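Trainee: First the structure, then my questions, so here it is.
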Amino acid sequence: MKSSLEETLLSAIRTIPDYPKPGILFRDITTLLGNARAFRRAIDELVHPYAGQKIDKIAGIEARGFILGGAIAHQLSAGFIPIRKKGKLPHETVRVAYSLEYGLDEMEMHKDAVTPGEKVILVDDLIATGGTAEGATKLLRQMGADIVAACFVIDLPDLGGRSKLEALGVDVRTLIAFEGH
1 MKSSLEETLL SAIRTIPDYP KPGILFRDIT TLLGNARAFR RAIDELVHPY AGQKIDKIAG
61 IEARGFILGG AIAHQLSAGF IPIRKKGKLP HETVRVAYSL EYGLDEMEMH KDAVTPGEKV
121 ILVDDLIATG GTAEGATKLL RQMGADIVAA CFVIDLPDLG GRSKLEALGV DVRTLIAFEG
181 H
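Residues 1 to 181 (the UniProt record's numbering) make up the sequence shown, in order.
Okay, here's the thing in structure tokens:
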């Protein structure tokens, strides 16, 4: 039996078949973001385990991680670090390459966004293959961040991303899982 949290979140997430290509079931959280009750429940559940802890920064992965991460940073009275695609940040950056399903891409953050030893939570909407989250983890660690956890609304466990992060010693927190992709 599903919990009321799972029911609330599942009913607020739209699934779009064959996007961005045939055979993919795209999990669209824009409907969750537009539903005040579901959005609040998701943020509260992601914040809860860390309330009362000293969290210095929330690192959000472009773009939906910015929305979720900003709300979480506010609730935890933490700073926010945007992790963006290459070429989008105006100041001196550090960069890492990461694997996509078909090829490589690069992401970056400002060089002065985190100082060694700061406690950071990584946030994005969804963990699938884990390539982006793994790249962000490596980027943050390269700058000396202590990654407390990686948090996602959705886990696609069939794709193995969670395991990839756990193998790096990262505590992974997700709210709901969708079997199949």
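Glycine included, C-beta positions come from ideal geometry on N, C-alpha and C. From a predicted model like this one, the values you see are computed outputs, not experimental measurements.
Which one of V153, L168, A12 has the shortest CA to CA distance from N35?
Mentor: Sequence index remark: in the sequence shown, residue 35 carries index 35 (1-based). Considering only alpha carbons, the answer is A12.
Trainee: By alpha-carbon positions, which one of H48, L100, Y50, V96 ends up nearest to E106?
Mentor: In the sequence shown, the residue the question calls residue 106 occupies position 106. Residue V96 is the option with its Cα nearest to E106.
Trainee: Taking only runs that begin and end inside the stretch 77-144, name each unbroken beta strand (DSSP E) of 3 or more residues, in chain order.
Mentor: 79-85, 93-100, 103-110, 119-127
Trainee: How about A136: is its Cβ closer than 7 Å to a heavy atom in the ligand SAH?
Mentor: Ligands in the displayed structure: none, and consequently the ligand SAH is not present.
Trainee: Tell whether a beta-carbon distance below 8 Å holds between P90 and M109.
Mentor: Here residue 90 is taken as the residue at index 90 of the sequence shown, counted from 1. Here residue 109 is taken as the residue at index 109 of the sequence shown, counted from 1. No.
Trainee: Are the stretch 54-65 and the stretch 154-173 touching, with three or more C-beta to C-beta distances below 8 Å?
Mentor: no
Trainee: Report the CB separation of R27 from F152 in whole angstroms; it is logged as a contact under 8 Å.
Mentor: Indexing the sequence shown from 1 puts residue 27 at position 27. Indexing the sequence shown from 1 puts residue 152 at position 152. Between F152 and R27 the Cβ distance is about 11 Å, and since that is not below 8 Å, they are no contact.
Trainee: Along the alpha helix (DSSP H) that carries A51, what are the first and last residues, could you check?
Mentor: As a position in the sequence shown, residue 51 is number 51, starting the count at 1. Taken as a continuous stretch (DSSP letters only), A51 belongs to no alpha helix (DSSP H), as it is neither H nor E.
Trainee: Taking Y50 as the reference, which of R14, F39, K119, R41 has the closest Cα?
Mentor: Numbered from its first residue, the sequence shown carries residue 50 at position 50. Considering only alpha carbons, the answer is K119.
Trainee: With 16 other CB atoms within 10 Å as the buried threshold, where does R40 fall?
Mentor: Start at 1 with the first residue of the sequence shown, and residue 40 comes out as number 40. Result: exposed.
Trainee: If you follow the beta strand (DSSP E) that A177 is in, where does it begin and where does it stop?
Mentor: Taking the sequence shown and counting its residues from 1, one reaches residue 177 at position 177. 172-177 is the span of the beta strand (DSSP E), which, as asked, contains A177.
Trainee: Could you say which of G130, G135, G169 lies nearest to D155 if we only look at CA atoms?
Mentor: Locating residue 155 in the sequence shown gives position 155, where the first residue counts as 1. Nearest option by C-alpha distance: G130.
Trainee: Near D171, what residues of its chain come up, given a Cβ to Cβ distance below 6 Å and the 5 sequence neighbours on each side ignored?
Mentor: Position 171 of the sequence shown, counted from the first residue, corresponds to residue 171. Closer than 6 Å at the Cβ level, and outside the excluded window around D171, lie A149.
Trainee: Out of curiosity, what's the CA-to-CA distance linking M143 and K111?
Mentor: The sequence position of residue 143 within the sequence shown is 143, counting from 1. The sequence position of residue 111 within the sequence shown is 111, counting from 1. M143 and K111: Cα-Cα distance of roughly 8 Å.
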